[in-house]
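There are 2 protein chains.
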Amino acid sequence: MAAEPPRSRARRRDPEAARTIRDVAARAGVSTATVSRVVNGNYPVAASTRDAVERAMRDLGYVANAHARALAGSTTRVVGIVVSEIVDPFFAYIARGVQSEALASGRLCLVCSTQGGESAELRFVDLLLEQRADAVILVGGAVEDKEYFAAVGQRARQLASSGSSLVLCGRPGLEDGVPAYAVEYDNIGGAAAITDHLLSAGHTKILYLGGPTTLSTTTARLRGFRQAFAARRLEHDPSLVRTGAFGRQWGYQQTLKALDDGLDFTAIFAANDIVAAGVYAALRERDLRIPDDISVVGYDDVPVATELQPALTTVRVPLEELGRAAVRAGLAGQEPSADPFAHQQPMTTLGTVVMVRDSVGPPRR
Amino acid sequence: MAAEPPRSRARRRDPEAARTIRDVAARAGVSTATVSRVVNGNYPVAASTRDAVERAMRDLGYVANAHARALAGSTTRVVGIVVSEIVDPFFAYIARGVQSEALASGRLCLVCSTQGGESAELRFVDLLLEQRADAVILVGGAVEDKEYFAAVGQRARQLASSGSSLVLCGRPGLEDGVPAYAVEYDNIGGAAAITDHLLSAGHTKILYLGGPTTLSTTTARLRGFRQAFAARRLEHDPSLVRTGAFGRQWGYQQTLKALDDGLDFTAIFAANDIVAAGVYAALRERDLRIPDDISVVGYDDVPVATELQPALTTVRVPLEELGRAAVRAGLAGQEPSADPFAHQQPMTTLGTVVMVRDSVGPPRR
DNA sequence: CCGTTCCTAGTAACCGTTTACTAGGAGTGA
DNA sequence: TCACTCCTAGTAAACGGTTACTAGGAACGG
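If you read the sequences in order, they're chains A and B.
My numbering numbers the first residue of the first sequence as 276 and each following residue consecutively.
My numbering numbers the first residue of the second sequence as 276 and each following residue consecutively.
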């Protein structure tokens, strides 16, 4: 058997194969350094040389290797975002904001959807850590668990020590000293405002429905809900609070159950619009009219809120802006032109506003 | 000014800084090759050595650098997906399928949303090319343009020549010889089936509403629509076809306009469920009842279809499965265990089924 | 006691860029 | 004519892994 002829570097195996910077340099008759400079435009190159290089790149169909670039340089031009469910409009809108702001800074967006499991969340952060993402954004409510917070804090430190950063989006920040930004919206204030809206209409027997019990989002909304009662020195019957999940199914079943249990209420505060959709379905099934028989409010103001009939009164959360702000926060200080004071703000809170529509009326006598 | 002391390799600047494989090797008293082998588990390593390395990795909080790995090895463990709008449930569900299948193969998912522009689509493919993604999935209807197809074909060739592949998802394949897979659903069949459903109910004056005129999705659905008429040897009034866009707003306005123009129709075929939502709003505004006064059907079967009242009769598209199939197609042949015959199938078509709900009735008188 | 074979683990080349340094030549003022 | 400064462009050392090759010992059969 004849020995395999040594593949000389000069002759590439596949004429169609990916071109390297060396191929371009050879064809243009310059060094790789020059090609790199033309590509990055960060160093003076004579016009004639630049032309030759550009022509060579075009002729060869040269595409830079992002990995080699990330390895040699130090920024990866990628931001990572971890959400719990990409088809949920709440997350989808935030993701859109993240992606658009990332694009504006010339970066790509790695989207990870955990479909629930909080261990998956951590696993994704680790994967993003391996990718050396310029910023990692953790979206949505956090499980309120000591051990979990510690695990997140550790990741935050690792990210920070490699020049990247962790951004908590729509969830409470970590303890002091942990290098993480938090970009939140006024969860408590929004809940209090819309509860007050219900209170103003005369409702006091309000059924609070939804949200996983251990999630920070749930506790925050519930806190706002109670705050509104307290502000008016009103009592709220604790048995009218039912937490558990955020789904439409769940809202549907719990509403039916509450009705069957003979609970006494004139309005329902659905923990989010999706739960409200379930509430609507259940009420419709029992021939209860909204808002004549029962008033309903939701939270988030995702598109389904206006699709529902009557249109749902809910709390608008600036989802897309939340995503954008998260990217800005995460990238602050990494950009050469960064505002030196950007670091002073470890946390941002965006406002919420209640969108009054047609699902709230006076309580039925 | 004192000269900067040369930073010796032995003493790293920041004790918290990212650890390299060399740090681990040093601490475990082995070579980097051994650490690499322990990490990848693709080469025998004595148990005691493995333990020492694993302990060192844990002590140091070692996280492999995905870029170095991608550069030295050849697979990037990333798949890219380009959609036109991530908040659109049609794309979100496909993206979810892609992400879950990618995860199952141990890969991360780079999601790009073009927000319209077809030039952005190409730009994203180029970016994904730079990332050397293991597969690039292009989702959704394509603009039917010669030049555009050529541009996509060129990218397909580049991808193929670097061991990656392009997958067209929910859009027609490229010409023969272009190395791209196509994973489609039966767009024409679904449209024909649901049109036939309308025809069976007695409607023949059907207003077809929606879809950008140049998009392949639009032409395919329209083709199915016409096919159903042809199959029954029925004529369809061409003036009852209005294409233009896929939005809710658009559906709303066009319905109003059709009504104002005094068009004669008893049913509306909305090109997708979102357009149907707009149709519902317009009809409601004019006090027209569904299906008593006018029947409506949609396409895609996204969640809003069941939220609408009455529930929308529509065509179910296996969106998530479409995404999964796309990833499988793109990765086929790259996996070591790949079926050698996998390459024989350059195209897959998934079936669609019509979901009969409550928005279709007999035509009024 | 020696030649083999089997395990393990180390050596070092290479993946494709970036960039600190170095160097050659042109232009310039004395 | 010479010493300098300016422009450009090349050299080569990283960046952090992977892996083909090589090599040292232990086990073993003869």
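Here a beta-carbon is modelled for each residue, glycine too, at the ideal position from N, C-alpha and C.
Rounded to a whole number of angstroms, what is the C-alpha to C-alpha distance between residue i and residue j?
i        : j        : result
B:ALA642 : B:THR589 : The requested residue 642 of chain B does not occur in the structure, where chain B is confined to residues 276 to 640.
A:PHE365 : A:ARG344 : 35 Å
B:MET630 : A:ALA417 : 37 Å
A:THR581 : A:GLY465 : 18 Å
B:SER323 : B:ARG302 : 14 Å
B:VAL635 : B:GLY448 : 34 Å
B:GLY526 : B:ASP575 : 15 Å
B:GLY573 : B:GLN529 : 15 Å
B:VAL373 : A:VAL353 : 19 Å
A:ALA300 : B:GLN433 : 20 Å
A:ALA370 : B:ILE361 : 8 Å
B:ASP246 : B:THR489 : In the structure displayed, chain B extends from 276 to 640; residue 246 of chain B sits before or after that span and is not available.
A:VAL305 : A:GLU396 : 47 Å
A:LEU497 : B:SER349 : 50 Å
A:GLU405 : B:VAL602 : 22 Å
A:ARG333 : B:SER514 : 48 Å
A:ASP326 : A:VAL320 : 10 Å
A:ALA426 : B:GLY316 : 26 Å
A:TYR337 : A:VAL328 : 11 Å
B:ARG657 : B:ASP363 : The requested residue 657 of chain B does not occur in the structure, where chain B is confined to residues 276 to 640.
B:GLU595 : B:CYS384 : 15 Å
A:ARG501 : A:GLY486 : 15 Å
B:PRO720 : B:ASP461 : In the structure as shown, chain B starts at 276 and stops at 640, and residue 720 of chain B therefore has no counterpart that could be examined.
A:PHE248 : B:ALA435 : Any answer about residue 248 of chain A is impossible in this case: the structure gives chain A only from 276 up to 640.
B:ARG507 : B:GLU422 : 37 Å
Determine the closest residue to residue i out of the options, with distance taken between C-alpha atoms.
i        : options                                   : result
A:ALA467 : A:ALA303, A:PRO487, A:SER634 and A:THR627 : A:THR627
A:ALA431 : A:SER634, A:TYR456, A:ARG603 and A:THR494 : A:TYR456
B:THR499 : B:ARG640, B:ILE463, B:LEU482 and B:GLY537 : The question names Thr, but residue 499 of chain B is Gly in the sequence shown. Considering only alpha carbons, the answer is B:ILE463.
A:GLN524 : A:ILE549, A:VAL305 and A:ARG312           : A:ILE549
B:ASP401 : A:ALA327, A:ALA339 and A:PRO637           : A:ALA339
A:PRO566 : A:SER514, A:ARG508 and A:PRO638           : A:PRO638
B:LEU563 : B:GLY486, B:PRO585 and B:VAL577           : B:PRO585
A:LEU538 : A:PHE544, A:LYS480, A:GLU510 and A:ALA520 : A:LYS480
B:ILE569 : B:THR350, B:LEU534 and B:VAL592           : B:LEU534
A:GLU393 : A:PRO593, A:LEU378, A:LEU413 and A:LEU403 : A:LEU413
B:PRO621 : B:ASP633, B:ARG632 and B:ALA604           : B:ALA604
A:PHE521 : A:THR493, A:VAL310 and A:LEU383           : A:THR493
B:ALA503 : B:PHE544, B:PRO487 and B:ALA435           : B:PHE544
B:SER491 : B:ALA542, B:ALA506 and B:GLU419           : B:GLU419
B:TYR368 : B:LEU606, B:PRO578 and B:ARG632           : B:PRO578
A:ALA331 : A:ALA321, A:VAL313, A:TYR318 and A:ASN317 : A:VAL313
B:LYS532 : B:ARG507, B:ALA505, B:ARG561 and B:ARG508 : B:ARG561
B:GLY415 : B:ALA476, B:SER436, B:ALA495 and B:ARG517 : B:ALA495
B:GLY438 : B:LYS421, B:GLY519 and B:LEU606           : B:LEU606
B:ASP633 : B:TYR555, B:VAL516, B:THR518 and B:TYR423 : B:TYR555
A:SER475 : A:ALA542, A:TYR318, A:ALA435 and A:VAL516 : A:ALA542
So residue i packs on residue j, CB below 8 Å; how close in whole Å?
i        : j        : result
B:ALA557 : B:LEU484 : In fact, because the Cβ distance is near 10 Å, the residues do not count as touching under 8 Å.
A:VAL411 : A:GLY428 : At roughly 13 Å, the Cβ-Cβ gap does not stay under 8 Å, so A:VAL411 and A:GLY428 are not in contact.
B:LEU335 : B:ARG294 : 4 Å
B:HIS342 : A:HIS342 : 4 Å
A:GLU459 : A:THR624 : 5 Å
B:SER375 : B:ARG599 : 7 Å
B:VAL571 : B:LEU597 : Incorrect: roughly 25 Å between the Cβ atoms, too far for contact.
B:ARG398 : B:THR351 : Not confirmed; about 19 Å, so no contact.
B:THR309 : B:ARG297 : 12 Å between Cβ atoms; not a contact.
A:LEU482 : A:PHE540 : 4 Å
A:ARG382 : A:ASP409 : 6 Å
Inter-stretch contact at 8 Å, needing at least 3 Cβ pairs: the stretch 439-455 of chain B / the stretch 465-472 of chain B
Segments in contact, no.
Any chance the stretch 386-399 of chain B sits against the stretch 349-359 of chain B, with 3 or more Cβ pairs inside 8 Å?
Touching, yes, given that three or more Cβ pairs across the two stretches are closer than 8 Å.
Mind listing, in chain order, the continuous alpha helix (DSSP H) runs of no fewer than 4 residues lying wholly within the stretch 441-487 of chain B?
Counting whole runs of 4 or more residues, the stretch 441-487 of chain B contains the alpha helix (DSSP H) stretches 462-475.
At 3 residues or longer, what runs of the beta strand (DSSP E) sit wholly inside the stretch 349-384 of chain B?
Runs of the beta strand (DSSP E) inside the stretch 349-384 of chain B: 353-358.
Minimum length 4: unbroken alpha helix (DSSP H) runs contained in the stretch 527-563 of chain A:
Runs found: 548-560.
In chain order, which alpha helix (DSSP H) runs of at least 4 residues are fully inside the stretch 560-606 of chain B?
You should have 579-582 and 594-606.
As an exercise, report each continuous alpha helix (DSSP H) stretch of at least 4 residues that is fully enclosed by the stretch 403-441 of chain B, in chain order.
Entirely contained in the stretch 403-441 of chain B, the alpha helix (DSSP H) runs reaching 4 residues are, in chain order, 421-436.
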